[in-house]
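Visitor: I'd like to ask some things about the structure below.
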Amino acid sequence: MSSLLSTQKVRKPGERIFCFLLIVFSVFLFWQAYQIAGFSSLSSSGAFPLAASATMVLASCVVFVNTLKLPAAEGIQFFRHCLPPVVSIIMAIILLYAVAIESLGFILSSLVFLCVCIQLLYRRSPLFTLSISILALIVVYIIFRLVFQVVLPEGVVPERDIIAAITTWWSH
Numbered sequence: 001m002s003s004l005l006s007t008q009k010v011r012k013p014g015e016r017i018f019c020f021l022l023i024v025f026s027v028f029l030f031w032q033a034y035q036i037a038g039f040s041s042l043s044s045s046g047a048f049p050l051a052a053s054a055t056m057v058l059a060s061c062v063v064f065v066n067t068l069k070l071p072a073a074e075g076i077q078f079f080r081h082c083l084p085p086v087v088s089i090i091m092a093i094i095l096l097y098a099v100a101i102e103s104l105g106f107i108l109s110s111l112v113f114l115c116v117c118i119q120l121l122y123r124r125s126p127l128f129t130l131s132i133s134i135l136a137l138i139v140v141y142i143i144f145r146l147v148f149q150v151v152l153p154e155g156v157v158p159e160r161d162i163i164a165a166i167t168t169w170w171s172h
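To convert, note that position 5 of the sequence shown is 5 in the UniProt record's numbering; the numbers rise steadily by one, no gaps.
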């Protein structure tokens with residue numbers, strides 16, 4: 001525990017940019033809060049958002065100044081520390097999933113997405129990965145499509161025919 005207390009604070013890669021963006025975001029929120037009612041009165045509808053966003057601006061400025069004072073961390077690289085390769089790969093897979101879902105449909109694209117991600121992250125046998133993916137897809141499909149009746153992209157799998165068959169089978 002004493003080693004945790006004696007460690008000197010250092011500035012990690014990306015902290016200055018993040019703190020600066022926090023100021024920009026806080027100023028934007030302050031402007032949006034000001035647009036509600038301006039400085040008209042303490043009981044106006046914009047008074048609380050204005051006070052909260054002003055506090056955000058002040059706090060983010062203090063954090064930014066304190067961050068500038070810290071020495072840079074030694075031997076830490078931005079991409080290795082903040083954006084490791086596995087995160088980049090999963091982000092790329094999510095992007096591909098978002099592109100494919102409209103043309104392939106929810107069922108097929110989600111099955112492929114789950115199989116690839118589970119295999120990449122869990123590293124078990126392909127049969128186990130496929131089983132977990134199918135089970136998860138069935139649960140998600142039942143909850144969202146059948147219970148909440150969310151319309152999901154149909155794509156190449158004839159979803160309406162499947163639902164009609166399930167409904168017919170269930171009603172007998």
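Just so it is clear, CB atoms sit at the ideal spot from N, CA and C, and this is done for glycine as well.
Go through its chain and collect everything with a Cβ distance to THR67's Cβ below 8 Å, but skip five positions before and after it.
Guide: ARG11, GLU15, ARG16 and CYS19, listed in sequence order.
Visitor: Is the distance from the Cβ of GLY46 to the Cβ of ALA54 below 7 Å?
Guide: No, the Cβ-Cβ distance between GLY46 and ALA54 is not below 7 Å.
Visitor: Which partner residues does ALA72 have in the DSSP bridge list?
Guide: Answer is ARG11.
Visitor: Between which two residues does the alpha helix (DSSP H) harbouring HIS172 extend?
Guide: Neither: HIS172 is in no alpha helix (DSSP H) and is coded neither H nor E.
Visitor: List the whole-angstrom C-beta distance separating LEU152 from PHE106, where the pair is believed to meet the contact cut-off of C-beta under 8 Å.
Guide: Indeed they touch by this definition, with Cβ atoms about 4 Å apart.
Visitor: On the three-state DSSP scale, how would you describe LEU4?
Guide: Bear in mind that the predicted position of LEU4 carries a pLDDT of just 46, short of 50, making it unreliable; the figure below should be weighed with that in mind. Note: LEU4 maps to helix in three-state DSSP.
Visitor: According to DSSP, is LEU152 part of a helix, a strand, or is it coil?
Guide: Note: LEU152 maps to coil in three-state DSSP.
Visitor: Between which two residues does the alpha helix (DSSP H) carrying ILE107 extend?
Guide: Residues 106–122.
Visitor: Taking GLU74 as the reference, give the member of PRO13, PHE25 and ASP161 with the closest Cα.
Guide: Residue PRO13 is the option with its Cα nearest to GLU74.
Visitor: Would you kindly work out how many angstroms separate the C-alpha atoms of LEU58 and GLN35, rounded to a whole number?
Guide: Cα to Cα, the separation comes out at about 19 Å.
Visitor: Would you check if the region 110–127 and the region 136–148 touch, i.e. whether three or more CB-CB distances between them fall below 8 Å?
Guide: Yes, since at least three Cβ pairs between the region 136–148 and the region 110–127 fall closer than 8 Å, the two stretches touch.
Visitor: Can you check which of these residues, LEU70, ALA72 and VAL27, is closest to residue 173 by C-alpha distance?
Guide: Any question about residue 173 goes unanswered here, given that the chain covers just 1 to 172.
Visitor: Would you mind sorting THR129 into buried or exposed? The rule is 16 or more other CB atoms within 10 Å of its CB.
Guide: It counts as buried.
Visitor: Quick one: give me the first and last residue of the alpha helix (DSSP H) that PHE39 is part of.
Guide: PHE39 -> no alpha helix (DSSP H), and no H or E assigned at all.
Visitor: Does the Cβ-Cβ distance between ALA37 and SER44 come in under 7 Å?
Guide: Cβ distance < 7 Å, so ALA37 and SER44 count as in contact.
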